[in-house]
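K.L.:
The numbering used here runs 478 ahead of the 1-based position in the sequence shown.
Don't be surprised by glycine CBs; every beta carbon is placed ideally from N, CA and C.
Being a predicted model, the structure only gives us computed values, none of them experimental.
This structure is in structure tokens; I'll ask about it shortly.
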Amino acid sequence: MEHAPETTESAERFARPEIAELATPLAFILDRLQTRIEGGVYGAIIGDDSSGRIPALIMDRVLRERYRTLGHPVLETRFAAGSGSGYTQIEGQQYDDKVDALRRLVAGLGGGRRVLIVTDVVVSGKSLEPLMVALTLEGVPFDVAATGYAEEWGKGTAEMLRERFGAELIAGGTQIFPPILNRPDLSGVKKQKPETHARPAKDEIKGFLFREGKRKKFQRNLNEVRDDIAAVADVLLERYLAGF
């Protein structure tokens with residue numbers, strides 16, 4: 479973590495500190511992945527909706543620009559809703575149906591190159607399991623990048639990913655509750671465990687009298703988040719090119 483960039487010098491560039499705080503763990507991930515990025519190893523990013531959407535969008539912006547400069551094929555980015563949290567997940571027919579739906583989503587993804595799953599935090603890996611199973615069944619190799627890793631609660635998870643799926647876990651830190659966790663006001667979406675994609679969170683805004691005002695405020699928040707995603711990505715790309 480000693481090479482991760484500090485963002486305090488550019489604090490005025492950010493409207494939402496929750497987004498700015500992602501710079502440090504994502505810098506560590508980018509530093510670890512530098513050789514693979516320069517070699518164009520990853521053909522696609524899958525963002526784990528919903529709270530993994532923001533780090534995935536930041537990584538997408540950095541890798542897409544670097545790939546453009548290096549002349550690598552264009553990176554593809556998709557999103558898939560996770561299927562649980564901690565040690566829980568969907569089961570039975572819901573599990574099977576989700577794996578089938580995810581297989582359709584990831585078929586051919588990456589064009590023969592590895593896929594990078596980007597999420598907020600990994601504990602047991604249960605939330606990502608249907609996605610990882612779908613990728614494996616479709617013959618798509620992958621790694622997992624997480625801004626946080628619950629080391630104490632997730633003992634053996636990295637080894638499980640490697641042994642069961644041939645996937646490496648690249649964690650940016652050990653923070654269990656990142657500031658973007660369960661924040662649909664920041665991600666703009668809210669997941670339902672059995673579903674493949676998260677739903678727009680604004681659709682759940684209730685109350686006839688205040689609904690329109692709430693929607694406008696919600697959209698202003700998302701605009702700030704979008705600007706901060708671009709600003710954090712720009713900082714990270716600058717530091718990446720400078721060797722952190």
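Please identify the residue among I568, R491 and A498 whose C-alpha is closest to the C-alpha of I658.
P.N.:
For the residues I568, R491 and A498, the minimum Cα distance to I658 belongs to A498.
K.L.:
When the Cα atoms are used, what is the spatial distance from V540 to A711?
P.N.:
Going by the C-alpha atoms only, they are around 6 Å apart.
K.L.:
For the 8 Å Cβ check, are there 3 or more pairs between the stretch 611-630 and the stretch 541-552?
P.N.:
Contact between the stretch 611-630 and the stretch 541-552 is absent, because fewer than three Cβ pairs lie under 8 Å.
K.L.:
Over what stretch of residues does the beta strand (DSSP E) that includes A522 continue unbroken?
P.N.:
Looking at the DSSP string, the run of the beta strand (DSSP E) that includes A522 is Y520 to D527.
K.L.:
Is the CB-CB distance between D526 and T597 below 7 Å?
P.N.:
Yes, the Cβ-Cβ distance between D526 and T597 is below 7 Å.
K.L.:
May I ask you to report which of helix, strand or coil DSSP gives E554?
P.N.:
It is a strand residue.
K.L.:
Using the Cα positions of G517 and V599, report the straight-line distance between them to the nearest angstrom.
P.N.:
C-alpha separation (whole angstroms): 26 Å.
K.L.:
How about D706 and F506: are their beta carbons less than 7 Å apart?
P.N.:
In this structure, F506 does not lie closer than 7 Å to D706 by Cβ.
K.L.:
Secondary structure at R640, three-state DSSP: helix, strand or coil?
P.N.:
Of the three classes helix, strand and coil, the one that applies to R640 here is helix, per DSSP.
K.L.:
Span of the beta strand (DSSP E) holding V601?
P.N.:
Where V601 is concerned, there is no enclosing beta strand (DSSP E), given that its DSSP letter is neither H nor E.
K.L.:
With H, G and I counted as helix, E and B as strand and the rest as coil, what does DSSP make of F620?
P.N.:
If DSSP states are grouped into helix, strand and coil, F620 belongs with the strands.
K.L.:
What's the C-alpha gap between P503 and V713?
P.N.:
Cα to Cα, the separation comes out at about 13 Å.
K.L.:
Can you grab the Cα-Cα spacing for the pair E702 / V519, in whole Å?
P.N.:
So the alpha carbons of these two residues sit roughly 32 Å apart.
K.L.:
Could you tell me the distance, in whole angstroms, from the CA atom of F643 to the CA atom of R514?
P.N.:
Between F643 and R514, the C-alpha separation is close to 19 Å.
K.L.:
Pull up the distance between the alpha-carbon of I568 and that of A720, whole angstroms please.
P.N.:
Cα to Cα, the separation comes out at about 44 Å.
K.L.:
Going by DSSP, what residue range makes up the alpha helix (DSSP H) through I497?
P.N.:
Run containing I497: P495 to A498, per the alpha helix (DSSP H) assignment.
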